[in-house]
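Structure record follows, encoded as structure tokens.
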Amino acid sequence: PPLPFGTSENFHLSSWSDRIHGDLKSALVWERTIAGFIDVLFMISCCLIFSIIAVLIPDVDFSSTLPILGLGFTFLFIALAYLFLFTFLISRTLGMEYQGLVVVRFDGKALSVDDVGLRTLGYCISTGCFGLGLLWAIFDPEGLTWHDRISKTLVIRASKSFPKDF
-11 PPLPFGTSEN FHLSSWSDRI HGDLKSALVW ERTIAGFIDV LFMISCCLIF
39 SIIAVLIPDV DFSSTLPILG LGFTFLFIAL AYLFLFTFLI SRTLGMEYQG
89 LVVVRFDGKA LSVDDVGLRT LGYCISTGCF GLGLLWAIFD PEGLTWHDRI
139 SKTLVIRASK SFPKDF
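Following my numbering, the numbering of the sequence shown begins with -11 at its first residue and continues without gaps.
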């Protein structure tokens, strides 16, 4: 078989041997960064609202470790639920919606539950390594992050012809 150094009509070979449909190109890093900041602000707002409610609960002593640990796990759950549910239900988060971005698979098809689950797990890996998985997009030739590579999904600019019910 021929070596995979050339490009074909419909596909090109990425740096990690994952095939991305030739018509798809990852959104610009700065667009994704703005969308990410919007998402983080929304998640922080949700966590602050939950914290205010938790502080108002009588007989809970926040000077001990267990309630603080519980709040931390709750914040993690809120963040992961936000990322999973929005990506699964509408293929984009609120920040992506604002920026006109959408998440698709490398082959251009809609996401499955497994794709979204892997992407959410990939977020944990990308951010859990001191954010190196997010910074990777700056150096990646296709502008992909670790969670993009793990889930074989990418964030693209939604065109005017992009179906609203996608």
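Just so it is clear, CB atoms sit at the ideal spot from N, CA and C, and this is done for glycine as well.
Under the three-state reduction of DSSP, L109 is assigned to helix.
Listed as beta-bridge partners of T62 by DSSP are no residues whatsoever. According to the DSSP secondary-structure assignment, L142 is paired through a beta bridge with V92. Contact between R7 and L89 is ruled out by a C-beta separation of about 21 Å, above the 8 Å threshold. Ranked by Cα distance from S14, the first of S139, A125 and I138 is A125. Under the three-state reduction of DSSP output, I45 falls in the coil class, being neither helix nor strand. F72 and S51 have their C-alpha atoms some 32 Å from each other. According to the DSSP assignment, R7 belongs to the beta strand (DSSP E) that extends over R7 to H9.
Inclusion of T141 and F94 in the CB contact set at 8 Å is warranted, their separation being smaller than that value. Secondary structure note for L82: its alpha helix (DSSP H) is the uninterrupted segment L82 to Q87. Within the same chain, no residue comes within 6 Å of I40 by CB-CB distance, once the 5 residues on both sides are set aside.
Under the three-state reduction of DSSP, G131 is assigned to coil, being neither helix nor strand.
Rounded to whole angstroms, the gap between the alpha carbons of L122 and L44 is 36 Å. The C-alpha of C34 is placed about 26 Å away from the C-alpha of L99. Taken through DSSP and simplified to helix, strand or coil, F50 comes out as coil. Comparing C-alpha distances from M31 to each of L77, F65, D103 and S114 shows the shortest one belongs to F65. In the structure shown, A15 falls within a coil segment according to DSSP collapsed to helix, strand and coil.
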